[in-house]
Amino acid sequence: MATRDLAIGMVLLLHTAVGGLGNFSLLYHYLFLYFTGYRLKPTDLIVNNLTVANISVLFSSGVSHTMSSFGWYHHLSDFGCRLIYYVRGVGRGVSIGTTCLLSVIQAITISPSNSRWAELKHKAPKYIVPLIFLYWILQLLVNVVFLIFLSSNLSHKNITNTKRFGYCSSVRHDETMDSLYAALLTSPDFLCFVLMLWASGSMVFILYRHKQRVQHMHRTHLFSQSSPESRATKTILLLVSTFVFLNTLSSIFHIALSILNNPNWFILNTTSVLSLSFPTVSPFLILSRDSTVSRVSFAWLRNVKSPSIMRIM
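Written as structure tokens, this is what we have:
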């Protein structure tokens, strides 16, 4: 086994293990809150959906690419190859859409009462479940290309016009077809990036305007540094900033992977690492800024029937 393959295998294994621990911890945290009677916010459903999408990426892409780096992929069939890439593509797409939805909902939530979005404040939570469902359907349909064209490198099919993706390969098309496939896979991502940038800019502007208005006040108000809404907004801004940075790099490499006939070792493995970066980091960004992780747990242990504690993002 080459040293570089061992090194990248260890990196992928670390991402998968740490990311799995973080996402399952976050999922357990919300289940704990739900079953102990604490009122969850509408955005909590979005975060739970993000966690499920992250787990699907980590355990489809992370486990498979780690096995490939260590040379343990010799049993992978055509079905297994297609399923791994399909689940990873769907999970990655849903992760992007969920982060976009989270930022847009939070921007609407903190918008001033006299803004054009004021009417949506009470209506927005009703659209969360339908939007999540529709985006899952969209990603299941868009990523069907992986089920059609991918096959295992161990397949005995006599196909010479193929390009390899590590332990998988696909039928090689002309540049126009490859460009169309790349556009099909990345167009929902691009739209989500634009919406996230707009929502993030709106949240920064709202927080800045409010800070200017309350600088002379001694008591804290709705969006002061210690308010739940302010901390929730800053958490989402941090999450979105991290997401945009990591997934912009990931999207660039995914486009290169779609266009190039024979992607080299660096592009293949960098794409794998980048695809795992946000699912690994995001749960820790949320948990680190959620003060109820320890406070609610200790309160519940003291008295299960104690009054509900207001939780923050």
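Letter by letter, the sequence shown follows residues 10 to 322 of our numbering. Think of the CB as a built atom: it goes at the ideal place given N, C-alpha and C, for glycine as much as any other residue.
Approximately 17 Å separates the beta-carbon atoms of residue 62 and residue 27; this is outside 8 Å, ruling out the contact. Taken atom to atom, the span from the alpha-carbon of residue 42 to that of residue 135 is near 21 Å.
DSSP places residue 161 in the uninterrupted beta strand (DSSP E) bounded by 159-161. When DSSP states are grouped into helix, strand and coil, residue 112 belongs to the helix group. In the three-state scheme derived from DSSP, where H, G and I count as helix and E and B as strand, residue 86 is classed as coil. A Cβ-Cβ contact shorter than 8 Å links residue 152 with residue 95. Taking all protein chains in view, the Cβ of residue 110 is crowded by 16 or more other Cβ atoms within 10 Å, so the residue is classified as buried. In the structure shown, residue 239 falls within a helical segment according to DSSP collapsed to helix, strand and coil.
Judged by DSSP in its simplified three-state form, residue 120 adopts coil rather than helix or strand. Under the criterion of beta carbons closer than 8 Å, residue 205 and residue 112 qualify as touching, at roughly 5 Å. Under the three-pair Cβ rule at 8 Å, the stretch 267-277 does not count as touching the stretch 206-219.
The beta-bridge partner set that DSSP reports for residue 286 is empty.
Distance from the CA of residue 70 to the CA of residue 147, rounded to the nearest whole angstrom, comes to 20 Å. Annotated three-state conformation of residue 278 is helix, per DSSP. With contact defined as three or more Cβ pairs closer than 8 Å, the stretch 127-146 and the stretch 254-263 are not in contact.
Per DSSP, the unbroken alpha helix (DSSP H) holding residue 135 starts and ends at 133-151.
Per DSSP, residue 23 is one residue of the alpha helix (DSSP H) stretching across 12-44. In this structure, 15 is the residue among 15, 57, 64, 30 with its C-alpha nearest to the C-alpha of residue 78.
The shortest C-alpha to C-alpha distance from residue 193 to any of 98, 247, 203 is the one to 98.
Here DSSP, grouped into helix, strand and coil, assigns residue 126 to coil. Scanning its chain for C-beta atoms nearer than 6 Å, with the 5 sequence neighbours on each side dropped, one finds around residue 66 the residues 97, 100, 101, 288, in chain order. Between residue 242 and residue 119 a beta carbon distance of about 6 Å is seen, short of the 8 Å cut, so the two are scored as contacting. One alpha carbon belongs to residue 121, the other to residue 115, and they sit about 12 Å apart. The C-beta distance from residue 280 to residue 262 rounds to 4 Å, short enough to meet the 8 Å contact threshold. Residue 282 places its beta carbon 8 Å or farther from that of residue 22. Per DSSP, reduced to three states, the secondary structure at residue 202 is helical.
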